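Novice: First the structure, which I've put down as structure tokens, then a few questions once you've had a look.
Number of protein chains: 2
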Amino acid sequence: MAISRAECVALDAADPLKQIRDEFVLPDGTIYLVGNSLGAPPKAAAAAVARTVEQEWGGRLVGAWNVSGWYDLPLTTGDRIAPLIGVGPGQVAVGESTSIAIVKAVSAALGLRPERRVVVSDLANFPTDRYMVQGLAEALGGYEIRDVTGVDDLSGALSEDVACVLLSEVDYRTGARHDTAAVTALVQAAGALMIWDLCHSAGAYQVDVSAADLAVGCTYKYLNGGPGSPAFVYVHPDHQAAGRHLLTGWHGHAEPFAFEPDFRPAEGIRRFTVSTPHVVSYAPLNASLDIWEHVDLAAVRAKSVALTSLFIELVEELCAPHGLGLLSPRDPERRGSQVSFSHPDGYPVMRALIDRGVHGDFRAPDVLRFGFAPLYIRFVDVYDAAVTLAEVLEKESWRDDRYSRRLAVT
Amino acid sequence: MAISRAECVALDAADPLKQIRDEFVLPDGTIYLVGNSLGAPPKAAAAAVARTVEQEWGGRLVGAWNVSGWYDLPLTTGDRIAPLIGVGPGQVAVGESTSIAIVKAVSAALGLRPERRVVVSDLANFPTDRYMVQGLAEALGGYEIRDVTGVDDLSGALSEDVACVLLSEVDYRTGARHDTAAVTALVQAAGALMIWDLCHSAGAYQVDVSAADLAVGCTYKYLNGGPGSPAFVYVHPDHQAAGRHLLTGWHGHAEPFAFEPDFRPAEGIRRFTVSTPHVVSYAPLNASLDIWEHVDLAAVRAKSVALTSLFIELVEELCAPHGLGLLSPRDPERRGSQVSFSHPDGYPVMRALIDRGVHGDFRAPDVLRFGFAPLYIRFVDVYDAAVTLAEVLEKESWRDDRYSRRLAVT
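Protein sequence lines, in the order shown, are assigned to chains A and B. Take 1 as the starting number for the first sequence in full-length UniProt numbering and just add one per residue. Take 1 as the starting number for the second sequence in full-length UniProt numbering and just add one per residue.
The following block contains the structure:
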């Protein structure tokens, strides 16, 4: 084999991020390669929610809106996410879900380019991104959604009636990563606005969308904010004064507690907040952001590249005869922190693998996904995962009937 | 005085709901008359969030989406709210905020009445209800928002181009309560759809919107779901097949895990869900709904009427010379579970009162609000609150400078 288990143990011992793993809850016997779907809990998350529920809500009741900083959570939390995506304070608002953030971003973009009536969307975008744009365009009327297939298709699609382009920085199925700077420049050169979906990149490496117009992202994957933790929207400072979006709730009002009859947008990023934040769901997210404050993002990227490259190398070496096809780019520059393989029986293969303690996930029709969250995944996990996958394929363990029964959530 | 403190103690001893108070966290020395803004925490809320974070997220990681029922939380939680608003299972979807629920309800209503281009909105509606309709109408174009001032104005506004009417069942400032059945019938007779906002009524008494077309409401007031707990939308079964709304996220898709490129709505109420639920924020809400399962709603209403009537009586008796004006209806049939008084110096009066342990709140320009959550407010609390308010006014304690400094959240 390309590497021994002992060599992996040595790599872990030399890992500059190795102590950060201790900050996370990782059940014994589990190799958790699903941090690209739901990040592992920070150990501090439990105490954080207990503090919010018992001390803040229980101790101060409604007074906590002032005393405990609840009211400003969307902005204070946004300012903590900002450095992870390469932007400054006052540029990120947290709240709701990525789907809702897409409505904010796209409706703002359409307002900023009122003469242009086309939204470009990628067939590789995560489906909810597409669905939200479809729902919005159908409701607004008079808009065209122009689908592209990957970035190669983009130049041809950028006619002068394109208002904005919405792309996922990292493909949720393949882990393929766009050249964000080049694509942003291309889109902006055509007079359109660039909106990035950072769901599969924020926390996977040092994102930089400072040149982009808008961005959205979730916080429950590599950012470890907890199941359904609130999402974020980034708005370039140049667009904040003119940027208006559809979801004009009272927290985005210039004076929410004046209870005026008509909407008047707040200055700055606050106008991209909508309403009462889901306070309890912010607690684990902020516990995770406490960890991120001390993380070297260059080390995260270096480790991510090493982990994913090693996994590709080992799986290809060990599993070559068993019908796996690499879906992720070989060039680490073009790859997020995820490796995907196709397999015609991907679903039962993944179920069998999970049954043996190696947790990846499956995406229709045939995609086995493995996420490598650099904060808590070790080289030895990569080794053990590849060996276990090889055993499942070699022994055809996945043919057991119980692995083909579909669960509600795949 | 109309009643003695000892008589209030006796009323509490005879209260059929008296044991339910023990299920809530209420700090010593606090008379909490703000349950109409943020309900008190159920004692079980802390254990519920700990279970979600430690056992479910920490113990099962991403597998909890299946094993712990996370995926269906919007619908299972909705089915638990349904009996509190007089409707059946499969009619309520939980998620996001009331503001977002308004976009779902109003955009669905507009789709169901495509020939009609007017939305009727009350100037007494909570501002975010108005703001969301304004943002939606501006984005869609071609719609008129017709403002009415209370229900007396409504008949004249119901021309044949009205698609829907959005009203708050209980006025957030005055506590005035609509005759829901009569108003619904009036609106529907004009061919329009009736949308009720139940924020200040759900959990205050037995709501019944089964004849209405749509409804929205929050869960963090009388329902005690916790700060920013998710909101709900009700859709009458007759409208579910044809009802389409603007926020077409993947959880509302017929097959979310097929990852199809185009949106196709799920059957039934599920299409009114959008995306990944804020799982941690559902935990306290479901802890509260465990309590509600065993509550006699007729007893809630009877106690609410008794508490609010007694408070009006005592305050008017004790505070008559001090410039308070009753804003709430005297007829208990027309009143929610809230009593409001105007006072020209309402803000410092409320601050002084809170400083003495009686927590109400203030709404601009001059409204002192007192909410009486029947699950945990006692008759003796009503007595003590009225006596304390009288003292603050009598001694003019509110003239202390520190009470006029405005807090961020009022």
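Virtual Cβ for every residue (Gly too), placed ideally from N, Cα, C. Everything numeric in this text was worked out from a predicted model, so none of it was measured.
(1) Whose Cβ in chain A lies nearer than 9 Å to the Cβ of P284 (chain B)?
(2) With a threshold of 8 Å between beta-carbons, can N224 (chain B) be considered close to chain A, or not?
(3) Could you tell me which uninterrupted alpha helix (DSSP H) segments, each at least 4 residues in length, are contained entirely in the region 294-337 of chain B, listed from first to last along the chain?
(4) Excluding sequence positions up to five away, which residues of its chain have a Cβ less than 7 Å from the Cβ of L353 (chain B)?
(5) Please check if any C-beta of chain A sits within less than 8 Å of the C-beta of F370 (chain B).
(6) If you follow the beta strand (DSSP E) that F232 (chain A) is in, where does it begin and where does it stop?
(7) Please identify the residue among A:A385, A:R402, A:F311 and A:D355 whose C-alpha is closest to the C-alpha of A2 (chain A).
(8) According to DSSP, simplified to helix, strand and coil, what is H359 (chain B)?
(9) Quick check on Q134 (chain B) - is its C-beta less than 8 Å from some C-beta in chain A?
(10) Counting only Cβ-Cβ distances shorter than 9 Å, please list the residues of the region 222-251 of chain A near chain B, keeping chain order.
(11) Three or more beta-carbon pairs under 8 Å between the region 149-164 of chain B and the region 193-203 of chain B, yes or no?
(12) When we look at the beta-carbon of H294 (chain B) and count the other beta-carbons within 10 Å, is it buried (16 or more) or exposed?
(13) By alpha-carbon positions, which one of B:L375, B:V120, B:Y220 and B:V62 ends up nearest to A302 (chain B)?
(14) Closest to A181 (chain B) by CA distance: which of B:A212, B:H200, B:S201 and B:A202 is it?
(15) Residues in the same chain with beta-carbon distance under 6 Å from W65 (chain B), minus the five sequence neighbours each way, listed in chain order, please.
(16) Can you pull out the residues from the region 129-162 of chain B whose beta carbon lies closer than 7 Å to at least one beta carbon of chain A?
(17) Give the single residue among B:Y172, B:V209 and B:S107 whose Cα lies nearest to the Cα of G141 (chain B).
(18) Let me see if you follow: with CB-CB separation under 8 Å, is P277 (chain A) close to chain B or not?
(19) Going by alpha carbons, who is nearest to D171 (chain B) out of B:E394, B:P329, B:R116 and B:V349?
(20) Any beta carbon of chain A sitting closer than 8 Å to that of P261 (chain B)?
(21) State the DSSP-derived secondary structure class of E160 (chain B), mapped to helix, strand or coil.
(22) What separation, rounded to the nearest whole angstrom, lies between the Cα atoms of D179 (chain A) and P230 (chain A)?
(23) Measuring CB atoms only, is the region 79-91 of chain A touching the region 254-261 of chain B, in the sense that at least three cross pairs come out at less than 8 Å?
(24) How is the beta strand (DSSP E) around R369 (chain B) delimited, first residue to last?
(25) According to DSSP, is V207 (chain B) part of a helix, a strand, or is it coil?
(26) Tell me, please, whether the region 219-236 of chain B touches the region 284-293 of chain B by the rule of three or more beta-carbon pairs shorter than 8 Å.
(27) Take V300 (chain A) as the anchor and find which of A:G252, A:A46, A:S337 and A:V53 has the nearest alpha-carbon.
(28) Listed in chain order, which residues of the region 75-90 of chain A have Cβ atoms closer than 8 Å to some Cβ of chain B?
(29) In angstroms with no decimal places, state the Cα-to-Cα distance between Y143 (chain A) and L110 (chain A).
(30) By how many angstroms is the C-alpha of V209 (chain B) removed from the C-alpha of E96 (chain B)?
(31) Whose C-alpha, out of A:V409, A:A242 and A:G156, is nearest the C-alpha of G268 (chain A)?
(32) At least one CB of chain B closer than 8 Å to the CB of R271 (chain A): is that the case?
(33) Beta strand (DSSP E) containing residue 414 (chain B): first to last residue?
(34) Give a yes or no on whether the C-beta atoms belonging to I20 (chain B) and I377 (chain B) are separated by under 8 Å.
(35) For L246 (chain A) versus G135 (chain B), is the C-beta distance shorter than 8 Å?
(36) For S309 (chain B), which of B:P332, B:V349, B:D296 and B:A386 has the nearest alpha-carbon?
Specialist: Concretely, from the data shown:
(1) By 1-based counting over the second sequence, the position of residue 284 (chain B) is 284. V53, W57 and V280, listed in chain order.
(2) Residue numbering aside, residue 224 (chain B) sits at position 224 when the second sequence is read from its first letter. So no, N224 (chain B) is outside the interface.
(3) Within the region 294-337 of chain B, the complete alpha helix (DSSP H) segments at least 4 residues long are 297-319, listed from N- to C-terminus.
(4) Residue 353 (chain B) sits at position 353 when you count from the first residue of the second sequence. Cβ-Cβ distances below 7 Å link L353 (chain B) to G360, T388, L389 and V392 in the same chain, with the five nearest sequence neighbours on each side left out; the list follows chain order.
(5) Reading the second sequence from its first residue, position 370 is the one you call residue 370 (chain B). Answer no: the Cβ-Cβ gap between F370 (chain B) and chain A never drops below 8 Å.
(6) As a working note, residue 232 (chain A) is residue 232 in the first sequence. From DSSP, the beta strand (DSSP E) with F232 (chain A) extends over A231 to V235.
(7) Taking the first sequence and counting its residues from 1, the one referred to as residue 2 (chain A) is at position 2. Taking only the C-alpha atoms, the option nearest A2 (chain A) is A:F311.
(8) Start at 1 with the first residue of the second sequence, and residue 359 (chain B) comes out as number 359. H359 (chain B) falls in the strand class under three-state DSSP.
(9) In the second sequence, residue 134 (chain B) corresponds to position 134, counting from 1. At a cut-off of 8 Å between C-beta atoms, Q134 (chain B) counts as an interface residue with respect to chain A.
(10) Flagged, chain order: G226, P227, G228, S229, P230, A231, R244, H245, L246, L247, T248, G249, W250 and H251.
(11) Look at the beta carbons and you see the region 149-164 of chain B touching the region 193-203 of chain B: at least three pairs across the two are nearer than 8 Å.
(12) Taking the first residue of the second sequence as 1, we reach residue 294 (chain B) at position 294. Label assigned to H294 (chain B): exposed.
(13) Locating residue 302 (chain B) in the second sequence gives position 302, where the first residue counts as 1. Scanning B:L375, B:V120, B:Y220 and B:V62 for the CA closest to the CA of A302 (chain B) turns up B:L375.
(14) By one-based count along the second sequence, residue 181 (chain B) stands at place 181. Here the closest residue by C-alpha is B:A212.
(15) Walking along the second sequence from the start, residue 65 (chain B) turns up at place 65. Counting only residues of its own chain and dropping the five nearest sequence neighbours on each side, W65 (chain B) has a CB closer than 6 Å to the CB of Y71.
(16) Within the region 129-162 of chain B, the residues whose Cβ lies closer than 7 Å to some Cβ of chain A are R130, Y131, M132, Q134, G135, L136, A139 and L140, listed in chain order.
(17) Looking up residue 141 (chain B) in the second sequence gives position 141. Residue B:S107 is the option with its Cα nearest to G141 (chain B).
(18) By 1-based counting over the first sequence, the position of residue 277 (chain A) is 277. Yes, because at least one Cβ of chain B sits closer than 8 Å to the Cβ of P277 (chain A).
(19) In the second sequence, the residue the question calls residue 171 (chain B) occupies position 171. Considering only alpha carbons, the answer is B:P329.
(20) Working through the second sequence from its first residue, we reach residue 261 (chain B) at position 261. At a cut-off of 8 Å between beta carbons, P261 (chain B) contacts chain A.
(21) Here residue 160 (chain B) is taken as the residue at index 160 of the second sequence, counted from 1. DSSP places E160 (chain B) in coil when its eight states are reduced to three.
(22) Working through the first sequence from its first residue, we reach residue 179 (chain A) at position 179. Working through the first sequence from its first residue, we reach residue 230 (chain A) at position 230. Their Cα atoms are separated by approximately 27 Å.
(23) Touching, no, given that fewer than three Cβ pairs across the two stretches are closer than 8 Å.
(24) Position 369 of the second sequence, counting from 1, holds the residue named residue 369 (chain B). That run of the beta strand (DSSP E) goes V367 to G371.
(25) On the second sequence, position 207 is the one that residue 207 (chain B) refers to. Correct three-state label for V207 (chain B): coil.
(26) Touching, per the Cβ criterion.
(27) One-based indexing of the first sequence puts residue 300 (chain A) at position 300. Between V300 (chain A) and the set A:G252, A:A46, A:S337 and A:V53, the nearest pair of CA atoms involves A:S337.
(28) For chain B, none of the residues of the region 75-90 of chain A brings a beta carbon within less than 8 Å of one of its beta carbons.
(29) For the purposes of this step, residue 143 (chain A) is taken as the residue at position 143 of the first sequence. For the purposes of this step, residue 110 (chain A) is taken as the residue at position 110 of the first sequence. Taking the straight line joining both Cα atoms gives about 10 Å.
(30) As a first step, residue 96 (chain B) is located in the second sequence; it is residue number 96 there, counting from the start. As a first step, residue 209 (chain B) is located in the second sequence; it is residue number 209 there, counting from the start. When rounded, the separation of the alpha-carbon atoms in E96 (chain B) and V209 (chain B) is 21 Å.
(31) As a first step, residue 268 (chain A) is located in the first sequence; it is residue number 268 there, counting from the start. The candidate whose alpha carbon is nearest that of G268 (chain A) is A:A242.
(32) The residue given as residue 271 (chain A) occupies position 271 in the first sequence. Interface criterion not met: the Cβ of R271 (chain A) is under 8 Å from no Cβ in chain B.
(33) Any question about residue 414 (chain B) goes unanswered here, given that chain B covers just 1 to 410.
(34) Your numbering for residue 20 (chain B) matches position 20 in the second sequence. Your numbering for residue 377 (chain B) matches position 377 in the second sequence. Contact: no.
(35) Residue numbering aside, residue 246 (chain A) sits at position 246 when the first sequence is read from its first letter. Residue numbering aside, residue 135 (chain B) sits at position 135 when the second sequence is read from its first letter. Yes.
(36) In the second sequence, residue 309 (chain B) corresponds to position 309, counting from 1. When each option's Cα is compared against that of S309 (chain B), the closest is B:P332.
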